[in-house]
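Scroll down for the structure; my scribbles are underneath it.
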Amino acid sequence: MEFSSPLQRVSIMAASLTGLLLLQAASWASGAHPCVPKSFGYSSVVCVCNATYCDSLDPLTFPALGTFSRYESTRSGRRMELSIGTIQANHTGTGNHYAPHPQANLYFSIRTYTYIPLIHQALQLAHRPVSLFASPWTSPTWLKTNGAVNGKGHSRVTRDIYHQTWASTLFLDAYAEHRLKFWAVTVENEPSAGLISGYPFQCLGFTPEHQRDFIARDLGPTLANSTHRDVQLLMLDDQRLLLPHWAQVVLADPEAAKYVHGIAVHWYLDFLAPAKATLGETHRLFPNTMLFASEACVGSKFWEQSVRLGSWDRGVQYSHSIITNLLYHVAGWTDWNLALNPEGGPNWVRNFVDSPIIVDIAKDVFYKQPMFYHLGHFSKFIPEGSQRVGLVASKKNDLETVALMHPDGSAVVVVLNRSSKDVPLTIKDPAMGFLETISPGYSIHTYLWRRQ
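Those letters in the sequence shown? Residues -31 to -1, 1 to 421, per mature numbering (1 follows the signal peptide of the UniProt record, and there is no 0), in order.
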């Protein structure tokens, strides 16, 4: 792989809100401990954790100048295993050469509660700044045309008491009273869902035109004239299949566009929506508007099993999506639920899904799935403010790759091998030399090195 100039700033690399921060901090805070593997009969293993033991990594440090760190996870059971290599002055190899946080009324819940103590705990455990964003799912029923939290319904007309009430910043005010500030809010979670008759859970319908007018006339001015004027506003927060049309409708109106900082996308229909035609085209049309992946999970489709403990393929789905999104100008990626129970819930409409961490309360253990480690190959090594750089392959191969530079100029490359073949490769950094290595079949690696 050969580096080129920076292309895109990565403002956030995250998996879902408090869960990642709490559990990852606990798992990776102290000296390295190996995974305790357990197979449930799927393609790989989970790592078993309990109250007294969990696999962990040493605190992240960069290797000495002229060397590189390689972190490896494989389908066969390796988990974030560290090795050190030497950067060569000359190329000698023969392989491939490369030149969430919802706003109350939570979907996954069984009781009333507050997030605030958990968020404060996460902020205390985090070793770097934490950017919070919130996404509303539905309004109070009296603000909706159908009078219910679910099903087809929308808020009424713009510039009326209903819209203005829904545009109020009471949520942000309440959290600010507890010393919690949000980086961003979305206009509405999956606004297209509220246009579907019989939709089973919380929703609030918007067409592109309706969202445009709500932003321009109600939500945008309300935020701008509040004490939360620095909170960024993300439009869409729905399937990327709706791009670029949705963005064209909203951002063509200068009154709406001046309030929009970014476009949030979900991944559930990505198989119908090529990244180039959606993300790529949207970036071409609106290069100064951030793209942000705000929700993803596996096991949500009706033909899928909700939880598959130890599924390597589901981890690959995560890393493939993250790499693709980064390559098409997306600045961050969010997992929907970092931790669920063995059923894939709790969930009030029984829409059970899989999760990077599965908590078995009855056995007093939790299982860190391959998805957790695939996420970690990005979130642990790509801090906020990193920039993606170009990476050019010398010949066609089965590897998926992305390269970034940290704010301090150090480099990180993530390599995903979805094939069964071992692939020799050399990473060329014009400033440093050649990193010669092998990417085993069914593996993911993160490479780190200093450039000065």
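All C-beta atoms in this analysis are idealised placements derived from N, C-alpha and C, irrespective of residue type, glycine included.
- Between ARG277 and GLY314, the alpha-carbon positions lie close to 13 Å from each other.
- When secondary structure is reduced to three states using DSSP, LEU202 falls in the strand class.
- Assigned with DSSP and collapsed to three states, SER52 falls in strand.
- The residue among SER388, THR415 and ASP24 with its C-alpha nearest the C-alpha of ILE351 is THR415.
- LEU220 places its beta carbon less than 8 Å from that of VAL229.
- Beyond the five residues adjoining it in sequence on each side, ASN294 comes within less than 6 Å, by CB distance, of ALA262 and TRP302 in the same chain, given in chain order.
- For a cut-off of 8 Å, the C-beta gap from TRP152 to SER100 is around 4 Å, short enough to register as a contact.
- Separation of ASP398 and PHE175 (C-alpha to C-alpha, rounded to the nearest whole angstrom) is 47 Å.
- The continuous stretches of beta strand (DSSP E) do not include TRP111, and DSSP gives it neither H nor E.
- At least 8 Å separates the beta-carbon of ASP206 from that of ALA265.
- The beta carbon of THR36 sits closer than 6 Å to the beta carbons of ILE53 and THR55 from its chain, once the five residues preceding and following it are set aside; these are given in chain order.
- Three or more beta-carbon pairs separated by less than 8 Å link the region 142 to 159 to the region 81 to 100, which places the two stretches in contact.
- DSSP, read as helix, strand or coil, puts VAL218 in helix.
- The beta carbon of LYS113 sits closer than 6 Å to the beta carbons of GLY122 from its chain, once the five residues preceding and following it are set aside; these are given in chain order.
- A distance below 6 Å between beta-carbons, with the five flanking residues on each side excluded, links TRP418 to the following residues of its chain, in chain order: PHE37 and ALA380.
- One alpha carbon belongs to THR21, the other to THR247, and they sit about 46 Å apart.
- A contact is defined here as three or more CB-CB pairs under 8 Å, and the region 5 to 25 meets this definition with respect to the region 277 to 289.
- Using a Cβ distance threshold of 8 Å, GLY46 and VAL14 count as a contacting pair.
- A direct Cα-to-Cα measurement between HIS252 and ALA244 gives close to 11 Å.
- In the same chain as PRO169, and ignoring 5 residues on each side of it, the C-beta atoms closer than 7 Å to its own belong to ASN119 and VAL318, in chain order.
- Restricting attention to PHE403, ILE330, GLY354 and GLY116, the CA atom closest to the CA of VAL17 is found in ILE330.
- Per DSSP, reduced to three states, the secondary structure at ALA20 is coil, with no helix or strand assignment.
- In this structure, ILE326 sits near LEU307, with a CB-CB distance shorter than 8 Å.
- Less than 8 Å separates the beta-carbon of VAL371 from that of ILE292.
- Within 10 angstroms of the beta-carbon of SER324 lie 16 or more other beta-carbons, which makes it buried.
- Per DSSP, the beta bridge partners of LEU385 are GLU369 and ILE413.
- Taking the CA atoms as reference points, LEU139 sits about 30 Å from VAL299.
- DSSP places PHE240 within a helical segment (H, G or I) once states are collapsed to three.
- Separation of ASN386 and LEU368 (C-alpha to C-alpha, rounded to the nearest whole angstrom) is 5 Å.
- The three-state secondary structure of GLY163, taken from DSSP, is helix.
- Across the set THR30, GLY231 and ASP142, the C-alpha of GLY231 shows the shortest separation from the C-alpha of THR258.
- In the displayed model, THR251 falls within a helix according to three-state DSSP.
- A distance of 8 Å or more separates the beta carbons of ALA185 and GLU157.
- For the options ASN194, PHE255, GLN201 and VAL200, the alpha carbon positioned closest to that of LEU212 is the one of PHE255.
- Excluding residues up to 5 positions away in sequence, GLY402 lie with their Cβ nearer than 7 Å to the Cβ of ALA58 in the same chain.
- DSSP places PRO177 in the uninterrupted alpha helix (DSSP H) bounded by 177 to 183.
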